[in-house]
Amino acid sequence: MHNFSLLIAKWYRQNKRDLPWRNTSDPYKIWLSEIIMQQTRVEQGISYYLKFCKNYPTVIDLANAEEIEILNDWQGLGYYSRARNLHFSAQLIRDESNGKFPTSFDEIKKLKGVGVYTASAIASFAFNESKAVVDGNVYRLLSRCFDVDLAIDSTEGIKFFQALADELLDSENPGEHNQAMMEMGANVCSPKPKCDNCPLNHGCEALKNHTISDRPVKSKKTKVTQRFFHFLVYSDNSETLIEKREGKGIWQNMYQFPLIETSSKKTKELISILKNQVNESEEIVHLLSHQKIHAVFHHFNELPPAIEGNWIKIPIGQLQNYPLPRIIDRYLESTAL
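Counting in my numbering, the final residue of the sequence shown is number 1395, and the numbers go up one at a time with none missing.
Okay, structure coming up:
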């Protein structure tokens, strides 16, 4: 399309949102914003970004923090591996680079949890390196503008769209160009597009061919695993029991009420355990990217005579001092222990 970069840059200068990470060229803060905004709406992410900038103003501050502090500050954002990867990479930068954030795409991409898109974003925004970003918003914009029917989750499609983005990139102003592409995809060429307000509408192939609703194309359907969680809420009005999650699954190193996972909603193995329960909550359904969790909280009005495994006893008032999965937050918001 003729003048593609000029058109989106002009639109961006007139319509861009005033987001706090756009007012800095500090690669550490741009990195923070990019990791926080993965899988997160901008409206929600801003408060977390500002919190992290305040609590950990430099990469060394982040590196020196305890993991439990970081997970607590991350609570509610989900996908907690992002927070752990931030902490790990901050410690690597502190220990191997004296706290100096890497300054090139190739070095940034070596950080844990940083892929091609995130490295391209940081390198172009902070250092004006000519690297084109391709995220979900850019896939949508390009697939519609050029009416591309290649699946964006296929090897062929990923290579094609990256090559197309590289070709369109304004090498003089790569940071602004990338921001404009992402902003256009987020606010104009959105899932429900505003084609009348689009500066590219005169040359949009999908608009001309009436295929807007068919773009972008995805080939893979995500298989969702159904999981059944039974949380045991022991409380004597002053103390309760929690345990730390271990292993590589969801919510790693976070805390929860003692948990029994079953293969279906009710199983025989629960009968003897639950015989002394006072009552139980309604089922709470919690959706993750590849999992659907069905949770029930079973209430006991006294603590068990023996503490098992890695269960720990804490005052009820201290629950919020521990990083808790969002599903437990939801339960606590509606229930007084």
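The beta carbon of each residue, even a glycine, is placed where N, CA and C say it ideally should be.
Since the model is a prediction, treat every value here as computed from it, not as a measurement.
Handout entry: Cutoff 8 Å; reference H1357; Cβ partners in own chain excluding five residues on either side
Key = V1291, S1293, Q1335, V1336, N1337, E1338, S1339
Handout entry: Rounded separation between E1263 and R1198 - CA only
Key = 13 Å
Exercise for the section: Check whether the Cβ atoms of N1156 and A1190 sit closer than 9 Å, and answer yes or no. Expected result: no
Exercise for the section: Determine the direct distance from the alpha carbon of V1275 to that of T1269, and round the result to whole angstroms. Expected result: 11 Å
Exercise for the section: Specify the secondary structure class of H1268 as computed by DSSP and reduced to three states. Expected result: In this structure, H1268 counts as coil in the three-state DSSP scheme.
Practice task
Enumerate, from N- to C-terminal direction, the unbroken beta strand (DSSP E) stretches of 3 or more residues contained entirely within the region 1091-1144.
Solution key: The region 1091-1144 contains no whole beta strand (DSSP E) run of 3 or more residues.
Exercise for the section: Using a threshold of 9 Å, state whether the C-beta atoms of I1351 and I1385 are closer than that. Expected result: yes
Problem - Pairwise C-alpha distance: A1121 and S1147 - result: 8 Å
Exercise for the section: State whether the region 1275-1288 contacts the region 1304-1319, with contact taken as three or more CB pairs (one from each stretch) at a distance under 8 Å. Expected result: yes
Exercise for the section: Would you mind giving the Cβ-Cβ distance between I1180 and P1085, rounded to the nearest angstrom? I have them listed as a contact below 8 Å. Expected result: 6 Å
Problem - Reference S1083; option with closest CA among N1073, F1159, R1071 - result: Residue F1159 is the option with its Cα nearest to S1083.
Exercise for the section: Below 6 Å CB to CB, which residues in the same chain sit around A1353 once its five sequence neighbours on both sides are set aside? Expected result: F1287, I1342, I1385
Problem - Buried or exposed by the 16-neighbour rule on C-beta atoms within 10 Å, applied to T1325 - result: Per the 10 Å Cβ criterion, exposed.
Problem - DSSP state of W1069 mapped onto helix, strand, coil - result: helix
Exercise for the section: Decide if K1087 is buried, meaning its Cβ has at least 16 other Cβ atoms within 10 Å, or exposed. Expected result: Buried, because 16 or more other Cβ atoms sit within 10 Å of the Cβ of K1087.
Problem - Alpha carbon of D1164 to alpha carbon of C1203, nearest angstrom - result: Inter-residue distance for D1164 and C1203 is about 30 Å (C-alpha atoms, whole angstroms).
Practice task
Apply the 10 Å Cβ neighbour rule to Q1097 and answer buried if 16 or more other Cβ atoms are within range, or exposed otherwise.
Solution key: exposed
Handout entry: Beta-bridge pairing of I1331 - partner residues as DSSP gives them
Key = BP columns for I1331 are empty, so no partner.
Problem - Nearest neighbour of K1278, chosen from L1200, E1391, P1381, L1208 [CA to CA] - result: It is L1208 whose Cα lies nearest to the Cα of K1278.
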